[in-house]
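Engineer: This is the structure I want to talk about, given as structure tokens.
Protein chains: 2
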Amino acid sequence: MKQYLKIDEWSIIEESFDPHTQEISESIFSIGNGYMGGRANFEEQYSGQSLQGSYMAGVYYPDKTRVGWWKNGYPEYFAKVLNSTNWIGINIDIDGTPLDLAACTVTQFRRVLNMKEGTLFRSFTAELEGGKQVQVESIRIVSMARHEIGAIRYAVTPLNFAGTLTVTPYLDGDIKNKDSNYDEKFWNEVEKKSGTEGGYLTLKTKKLDFHVTSAFAFDIVVNGEKVTAEAEALEQEKYVGSKVALSVQQGDQVVIYKYAANVTSRNYGLGQLVEAAHSALNGAREAGFVTLLNEQAAAWGDKWKESDIIIEGDVSAQQAIRFNIFQLNQTYTGEDDRLNIGPKGFTGEKYGGSTYWDTEAYCVPFYLSTADSSISRNLLIYRYKHLEKAKENARKLGFKKGALYPMVTMNGEECHNEWEITFEEIHRNGAIAHAIYNYVNYTGDKAYLGQYGLEVLVEISRFWEERVHYVPRKDQYVMLGVTGPNEYENNVNNNWYTNRIASWTMEYTLEALKYLQENEAARYAELADKLELQDSETSKWNEIISKMYYPSDEELGIFLQQDGFLDKEIIPVKEVAPENLPLNQKWSWDRILRSCYIKQADVLQGLYFLGDRYDLDTKKRNFDFYEPITVHESSLSPCIHAILACELGYKEKAYEMYLRTSRLDLDNYNNDTEDGCHTTSMAGTWMSVVHGFGGLRVQADRLILNPSNPGHWTSYSFKIMFRGSRLKVNVTDAQVTVTNETDVPAALTIHGKEYTVNGLGSVTAEGSSVTA
Amino acid sequence: MKQYLKIDEWSIIEESFDPHTQEISESIFSIGNGYMGGRANFEEQYSGQSLQGSYMAGVYYPDKTRVGWWKNGYPEYFAKVLNSTNWIGINIDIDGTPLDLAACTVTQFRRVLNMKEGTLFRSFTAELEGGKQVQVESIRIVSMARHEIGAIRYAVTPLNFAGTLTVTPYLDGDIKNKDSNYDEKFWNEVEKKSGTEGGYLTLKTKKLDFHVTSAFAFDIVVNGEKVTAEAEALEQEKYVGSKVALSVQQGDQVVIYKYAANVTSRNYGLGQLVEAAHSALNGAREAGFVTLLNEQAAAWGDKWKESDIIIEGDVSAQQAIRFNIFQLNQTYTGEDDRLNIGPKGFTGEKYGGSTYWDTEAYCVPFYLSTADSSISRNLLIYRYKHLEKAKENARKLGFKKGALYPMVTMNGEECHNEWEITFEEIHRNGAIAHAIYNYVNYTGDKAYLGQYGLEVLVEISRFWEERVHYVPRKDQYVMLGVTGPNEYENNVNNNWYTNRIASWTMEYTLEALKYLQENEAARYAELADKLELQDSETSKWNEIISKMYYPSDEELGIFLQQDGFLDKEIIPVKEVAPENLPLNQKWSWDRILRSCYIKQADVLQGLYFLGDRYDLDTKKRNFDFYEPITVHESSLSPCIHAILACELGYKEKAYEMYLRTSRLDLDNYNNDTEDGCHTTSMAGTWMSVVHGFGGLRVQADRLILNPSNPGHWTSYSFKIMFRGSRLKVNVTDAQVTVTNETDVPAALTIHGKEYTVNGLGSVTAEGSSVTA
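Heads up: the protein sequence lines correspond to chains A and B, in order.
Position 14 (the first sequence) corresponds to 14 in full-length UniProt numbering; numbering is contiguous.
Position 404 (the second sequence) corresponds to 404 in full-length UniProt numbering; numbering is contiguous.
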């Protein structure tokens, strides 16, 4: 863990150039707009260690699965996030020597991710071999206002020489994925054209036929005057560029404005791609760079209005929470219901896939509170659209009915291939059901059940019905051979969380059926018919609910993570010698498995999801037992623990967990930020603040807040959207102020007392010193 | 399953050519001599589906591991059985058209594996495109008398034409392994020379520097007269050959005698290889083919004298048992203690490695009874020599002391990479300890303990000591996270068999220590010092033995395969719809894991190994519970069940199991014989007859026989060597006759009555109609 970034409220700042942290910075300074995005690679060529990455949302590649030993049921392919055409490239050559920071002496360097306005800035002074010095300043955006557009202002000044500066803006599609299973490249060229003012390039994937057309144009301005130098059109395989040689004097400022448009066959017919790219490109070029910057600042201003969190008295925490919110907002905007939130967003290719249960468990709550409800609704509809594939997946694994959603997917098909995960980590189905509950509970949009939700719920309940079985000796239903959220246990019997979420799914499905039957009788009848719903099924679900087996220990008063858990040696993490941590890098897998150590919340995940069903004492006993043996080696772990710790009044633990989740990437806690950021867990960070310190819950159509202060902050405030209103909640030790930024009144409960905040009004309640 | 081979007492016979069964036949008709061997590929070129395979024992390749998802502790490489120089090749060309059975009409075809004399015979009549017909007859041996020598007599007769017959005997080292992980070839050329009478070729492996020199010479005899035609020397990359063009008349018989020698750097210095190869080659050529054939018949005669089993009244069973014994004898001769018994012998490359727990559990008993005791002793010493590597392996997995032998190995290092096997199927350690007991018990060679055995026992006991842990609530020791012999369960807690064999190992180690202390005090002191043996260790072992937890069910009176086994749905295999079988081809892995179905003996393996500790009722209750839910999808399963069924008097079950094990490859039961034969399980077949029907046990230095008749045989007889005597046991319903073929008297118990068989004498006891 190396902290090399400067603390600032609104920006991420790097003040010197270090090749060893370049890949980490490439991840952290990534920019995107939900439609496309990429790592903070340099515009000019760079021969040092770098992970080139430019991604178009929803454009993926089914790479042939690689396994050691094949098991029946494994998927044929693993969907890879596709590294696509590099559109940022602007090579600079000075009197025949390329500008390449790996081959220069860098005397000044500054990189700034301006999160408030959504820009990536970089400046540096470099001395080339031979002594020529240049000063460079670049600003790059991936436009939030025009999704297909990226733009760069790249300024070069010769500091101590006159000579020839050759500038080559280009598009390069001859790239590959680092994680390619068989070292293949995934793209073929379709067409290209280069000219004196830009060019375009169309590539298609070797499988699935995704087409991507990138087009670029550029303007060169020297000392404020636009120049029309003769450009040489360059073409190579999967490459187009325009080379311009300029005679420059010492002190001249050469500014290259590069505009790029990227369009895909996901949105256009194959015959329209080139035209669509040029239409977007021309619009952007005509608007000009300054207009694009202004649009960008305005678009990000709107985002922050909905989702900002302000922390007073702790700049590090302030920076961290904004970084998390910024990454989430630039990864997913919710406008395209075919998209989802990949674990690394647009910051890296690792883990492939785009959709994990992270979406339902961590991201849905974030978008529910910080964006229009249509956005979380789209995340739910994404799964609805994959229902047929989930049913196929269940058939493939031998189930006669029901649906099993995939662990990792791009298009609804499973693409992960570890049996203990792919086949056994089936609790993911529960999270998908729970997200429906969560959405309906938060938004009050019960119509969603009849429109989409019920079908998903019924098919998931059917899966659980078939997956459990009755044990006469116990007179109970059990579920054998699963992997729970704690992936440091594999193939266990009766994982409490999985049994619980399965039973809960059936309960909620019955509740949803009842609601429809009573309130939307026609739709109920239609769905019952479509689903061929049998009375025998619902009565079976009732039986399973009443006879589900939940492992527990009476003496300790806890739920058991799984059968036999107390046969383990229980030794708290704090007694484990530090050289053994992180376990996943130090211990062989069997040792991890038989140990008591927990990767991420498991029983506690259940107590969080179903928090209104368990009393504080139960939560406390389980937290006190499980947290001390939890190593939090999943990025998704600390946030759940932070939330529960807040609820239990464990302030120090809550703050410790918050720090771990919020600066995970900025401080490179897990020593893997170079692969990309932990995008989905960033929603967990937001949850730590709002559900944790803020104590946000929604019960019986009512917003509940129980704000507490982690003890290190003067005050903090967050925004939440709730049923048409947008509220700003400000918390100090003395008082909680809720300000309504809309004219929709909101009823809420703060520290157990009921309030109504009128449109544009505010209320004040007791502060965070009141313990929940 | 297709039965296309003719039933015969001493031979395997194929009477027509079918390209679809060619790879199966290549496996079944394989020949070898313990030092080298290969599949029954054709001498002449063959463009049809074929798995080329020629193997030198102990020459392997560390192929880079391939995994889907890496786990800490996985080995870097997987040791592959190396396909090496094809020395059998003799290409035939008729007036410019190659003789290739894939491109001919084959009007007559016969292939015979003569097991009595160790020869592979083939004859065929083929019509080439264009109508030219040839008759071919070949005999091939891999010499048992001269291990480095292979020889072929290949006779061609033009049936309906005169023309030019071009003959090209060659050596081809440009071959690859089908199972190469990254499609690499594993050999580099070192040197070669081709001439008019043969040539040689030295290759070395790309890693580990194994060198193999192959040399060949040939003689051509036309109509009984040796010809000295002008040969063209051929050289290509990793290839040498000699091309001879002969003018032939219709009816001429052209006989090619090809002699080949293969020597390796395992036995010679690098500078001596070419000379060594030529020395062996010249000796063989001078001796001539007929002499080589005679030597072969004599050598195999000796083998059969020691190990033959005769079954009267059931030719199919007779053929099968001899096939099993033949394969075992040609795979391992016990002369080189660096070698072991690969799961496919010289019949294929699948599974890699050479050593599995199969050796100790199945092969040692075979060699103990059918060969000089030095041979099983060598198998034990092989593990002794790997003790340091097994200790390293335990360290790698985080153990402070003790040894964990690898699951799959060539040189003592683990090379398998599935966590549930590599890290968790640790019962293999118990089988290695048990083989020491078995050897000492059978041979009476207690000196072995002081020489080699004790060190292995102590280090294995130390491993178990660290692998179990004490559970205060239970006041017992448990062992979590293992995979037992039944690999259809992974990562279970308290596998009864593993707990039992662990505890047994400690018991036997303590017994061995006591024996040495009392009988070889000086050696004991020396070893205690070398091993740094502590009193605290032995007392800890005693404590673990007395407090080991064994899962069991009182109501059923059975041991439980593992914790929670009775939570499974118990449905007998016979109620499983046939289209679901074999499960491993039809069900996804999770479904297999949570089912009750058992791949191979697990609890029952323990009741077999430790048979003298459990009464018949206990065996019966466990057999009655477990066998009906056992699918026998491991080739190692039926034999153990056959033996126990015999002991329990379940004649029909015993015979069913015997058939399954004995004709597994001949009848291609598992539909995978094309990959090679199930060599190690063949020892299990022998065990079914001798330990099963024959009821052989050794207790308190005494040979025990309890012969029964499976009910389908008139009589059967088998040979056993026991403490210097060789006995032939003949069993009929009426009587059991034991004939001593040596002059060493033997004391034995038959059906509970004691006998002594004098040197060269015999005794007669009650027959198999007496139920044990």
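Heads up, the beta-carbon is just placed ideally off N, CA and C, and yes, glycines get one too.
Predicted model only: the values in this text are computed from it and were never measured.
I need the DSSP call for A:W464, collapsed to helix, strand or coil.
Structural biologist: Here the question's residue 464 of chain A lines up with position 464 in the first sequence. Of the three classes helix, strand and coil, the one that applies to A:W464 here is helix, per DSSP.
Engineer: A:L397 CB to nearest chain B CB: under 8 Å?
Structural biologist: Residue mapping note: residue 397 of chain A aligns to position 397 of the first sequence, counting from 1. Yes - at least one Cβ of chain B is within 8 Å of the one on A:L397.
Engineer: Here's a check: name, in chain order, each residue in its chain whose Cβ is nearer than 7 Å to the Cβ of A:D219, leaving out the five neighbours to either side.
Structural biologist: Mapped onto the first sequence, residue 219 of chain A falls at position 219. Only K226 and Y257 meet the Cβ criterion.
Engineer: Between which two residues does the alpha helix (DSSP H) carrying B:F609 extend?
Structural biologist: Here residue 609 of chain B is taken as the residue at index 609 of the second sequence, counted from 1. Start and end: V603 to F609.
Engineer: Take A:Q605 as the anchor and find which of A:N584, A:S50 and A:H632 has the nearest alpha-carbon.
Structural biologist: Numbered from 1 along the first sequence, position 605 holds the residue referred to as residue 605 of chain A. The option with the nearest alpha carbon to A:Q605 is A:H632.
Engineer: Taking B:Q534 as the reference, give the member of B:S461, B:L556 and B:A260 with the closest Cα.
Structural biologist: Start at 1 with the first residue of the second sequence, and residue 534 of chain B comes out as number 534. Closest by alpha carbon: B:S461.
Engineer: Please classify A:V290 as buried or exposed, where buried requires at least 16 other C-beta atoms within 10 Å of its C-beta.
Structural biologist: Against the first sequence, residue 290 of chain A aligns to sequence position 290. Flag for A:V290 reads exposed.
Engineer: Could you name the residues of the same chain whose beta carbon sits closer than 8 Å to that of B:A772, not counting the 5 residues immediately before and after it, in chain order?
Structural biologist: On the second sequence, position 772 is the one that residue 772 of chain B refers to. Any reading at B:A772 is ruled out, since the residue's pLDDT is 41, under 50, leaving its predicted position unreliable.
Engineer: Hey, could you find the ends of the alpha helix (DSSP H) A:L379 is sitting in?
Structural biologist: Position 379 of the first sequence, counted from the first residue, corresponds to residue 379 of chain A. It spans S373 to K385 - the alpha helix (DSSP H) in which A:L379 sits, taken as one unbroken run.
Engineer: With a threshold of 8 Å on Cβ separation, who are the neighbours of B:T331 within its own chain once the five nearest residues in sequence on each side are excluded?
Structural biologist: On the second sequence, residue 331 of chain B is found 331 positions in, with the first residue counted as 1. So the qualifying residues of the chain are G32, G34, G37, I341, G342, G345, F346 and T679.
Engineer: Quick one: does A:D567 have its CB under 8 Å from some CB of chain B?
Structural biologist: Translated into the one-based positions of the first sequence, residue 567 of chain A becomes position 567. Taking Cβ atoms only, chain B reaches closer than 8 Å to A:D567, which makes this a yes.
Engineer: So, B:K243 versus B:A229, is the Cβ gap smaller than 8 Å?
Structural biologist: Here the question's residue 243 of chain B lines up with position 243 in the second sequence. Here the question's residue 229 of chain B lines up with position 229 in the second sequence. In this structure, B:A229 does not lie closer than 8 Å to B:K243 by Cβ.
Engineer: May I ask which residues mark the beginning and end of the alpha helix (DSSP H) holding B:T680?
Structural biologist: Locating residue 680 of chain B in the second sequence gives position 680, where the first residue counts as 1. From DSSP, the alpha helix (DSSP H) with B:T680 extends over T679 to M687.
Engineer: Mark B:V255 as exposed unless 16 or more other C-beta atoms lie within 10 angstroms of its C-beta, in which case mark it buried.
Structural biologist: Here residue 255 of chain B refers to the residue found at position 255 when the second sequence is read from its first residue. Its Cβ being crowded by 16 or more others within 10 Å, B:V255 is buried.
Engineer: Where does A:A772 sit, in a helix, a strand or coil, going by DSSP?
Structural biologist: As a position in the first sequence, residue 772 of chain A is number 772, starting the count at 1. Unreliable placement is indicated for A:A772, whose pLDDT of 41 sits below 50; the coordinate value is still reported in the next sentence. Coil at A:A772, not helix or strand.
Engineer: Is B:A126 near B:V106, with beta carbons less than 8 Å apart?
Structural biologist: One-based indexing of the second sequence puts residue 126 of chain B at position 126. One-based indexing of the second sequence puts residue 106 of chain B at position 106. Against a cut-off of 8 Å, the Cβ pair of B:V106 and B:A126 comes out as a contact.
Engineer: Less than 8 Å between the beta carbons of B:T409 and B:A642, yes or no?
Structural biologist: Walking along the second sequence from the start, residue 409 of chain B turns up at place 409. Walking along the second sequence from the start, residue 642 of chain B turns up at place 642. No, they are not a contact pair.
Engineer: Shortest alpha-carbon distance to A:G199 belongs to which of A:K620, A:K116, A:W87 and A:A155?
Structural biologist: Numbered from its first residue, the first sequence carries residue 199 of chain A at position 199. That would be A:W87, whose Cα lies nearest to the Cα of A:G199.
Engineer: When Cβ atoms are compared, which residues of the stretch 566–592 of chain A fall closer than 8 Å to chain B?
Structural biologist: Against chain B - using a Cβ distance shorter than 8 Å - the residues of the stretch 566–592 of chain A are L566, D567, K568, E569, N584, Q585, K586, W587, S588, W589, D590 and R591.
Engineer: Beta-carbon within less than 7 Å of residue 823 of chain A's beta-carbon, same chain only, minus the 5 sequence neighbours each way: which residues are those?
Structural biologist: What the structure shows of chain A is the stretch from 1 to 772, and residue 823 of chain A is not part of that stretch, so it cannot be assessed.
Engineer: Counting only the same chain and skipping the five closest in sequence on each side, list residues whose C-beta sits under 6 Å from that of A:I310.
Structural biologist: By one-based count along the first sequence, residue 310 of chain A stands at place 310. Once the five neighbours on either side are set aside, the close Cβ partners of A:I310 are S717.
Engineer: If distances are taken between C-alpha atoms only, which option among B:V67, B:G195, B:S143 and B:N41 comes closest to B:L101?
Structural biologist: For the purposes of this step, residue 101 of chain B is identified with residue 101 of the second sequence, where counting begins at 1. When each option's Cα is compared against that of B:L101, the closest is B:N41.
Engineer: Could you give the distance in angstroms between the alpha-carbon of A:V573 and the alpha-carbon of B:I426?
Structural biologist: Here residue 573 of chain A refers to the residue found at position 573 when the first sequence is read from its first residue. Here residue 426 of chain B refers to the residue found at position 426 when the second sequence is read from its first residue. Answer to the nearest angstrom: the Cα atoms are 27 Å apart.
Engineer: Which residues bound the alpha helix (DSSP H) around B:R591?
Structural biologist: Within the second sequence, numbered from 1, the residue matching residue 591 of chain B stands at position 591. Here the alpha helix (DSSP H) through B:R591 covers W589 to R594.
Engineer: Suppose you measure from the CA of B:S30 to the CA of B:R39; what does that come to, to the nearest Å?
Structural biologist: The count along the second sequence starts at 1 and reaches residue 30 of chain B at position 30. The count along the second sequence starts at 1 and reaches residue 39 of chain B at position 39. Distance between the alpha carbons of B:S30 and B:R39: 4 Å.
Engineer: Going straight from the alpha carbon of A:L607 to that of A:L556, what length do you get?
Structural biologist: Within the first sequence, the letter at position 607 stands for residue 607 of chain A. Within the first sequence, the letter at position 556 stands for residue 556 of chain A. The alpha-carbon atoms of A:L607 and A:L556 are separated by roughly 16 Å.
Engineer: Check whether the stretch 721–737 of chain A and the stretch 11–23 of chain B touch, using three or more Cβ-Cβ pairs below 8 Å as the test.
Structural biologist: With a cut-off of 8 Å, the stretch 11–23 of chain B and the stretch 721–737 of chain A do not count as touching, because too few Cβ pairs lie within range.
Engineer: Give the DSSP bridge partners of A:T119, in chain order.
Structural biologist: Working through the first sequence from its first residue, we reach residue 119 of chain A at position 119. In DSSP, A:T119 forms a bridge with A:N114.
Engineer: How close, in whole Å, do the beta carbons of A:T422 and A:E414 come, if the pair is a contact with beta carbons under 8 Å?
Structural biologist: Here residue 422 of chain A is taken as the residue at index 422 of the first sequence, counted from 1. Here residue 414 of chain A is taken as the residue at index 414 of the first sequence, counted from 1. About 6 Å separates the two Cβ atoms, so the contact holds.
Engineer: Kindly list the residues whose CB is nearer than 6 Å to the CB of B:E312, restricted to its own chain and excluding five residues on each side of it in sequence; keep chain order.
Structural biologist: Within the second sequence, numbered from 1, the residue matching residue 312 of chain B stands at position 312. The residues are T714 and S715.
Engineer: Could you give the DSSP three-state label for B:N262: helix, strand or coil?
Structural biologist: By 1-based counting over the second sequence, the position of residue 262 of chain B is 262. Residue state, collapsed to three classes: strand.
Engineer: Just how far apart, CA to CA, sit A:S539 and A:T359?
Structural biologist: Start at 1 with the first residue of the first sequence, and residue 539 of chain A comes out as number 539. Start at 1 with the first residue of the first sequence, and residue 359 of chain A comes out as number 359. Taking the straight line from one Cα to the other gives about 31 Å.
Engineer: Can you confirm whether B:R594, when its beta carbon is compared against all beta carbons of chain A, has any partner nearer than 8 Å?
Structural biologist: As a first step, residue 594 of chain B is located in the second sequence; it is residue number 594 there, counting from the start. So yes, B:R594 belongs to the interface.
Engineer: Going by other Cβ atoms of all chains shown within 10 Å of its Cβ, with 16 needed for buried, is B:Y549 buried or exposed?
Structural biologist: Counted from its first residue, the second sequence places residue 549 of chain B at position 549. Buried.
Engineer: Counting only beta-carbon atoms, is A:W419 nearer than 8 Å to chain B?
Structural biologist: Mapped onto the first sequence, residue 419 of chain A falls at position 419. So yes, A:W419 belongs to the interface.
Engineer: Taking only beta carbons into account, state which residues of the stretch 481–500 of chain A come closer than 7 Å to chain B, listed in chain order.
Structural biologist: Correct list: G481, N490, N491 and N493.
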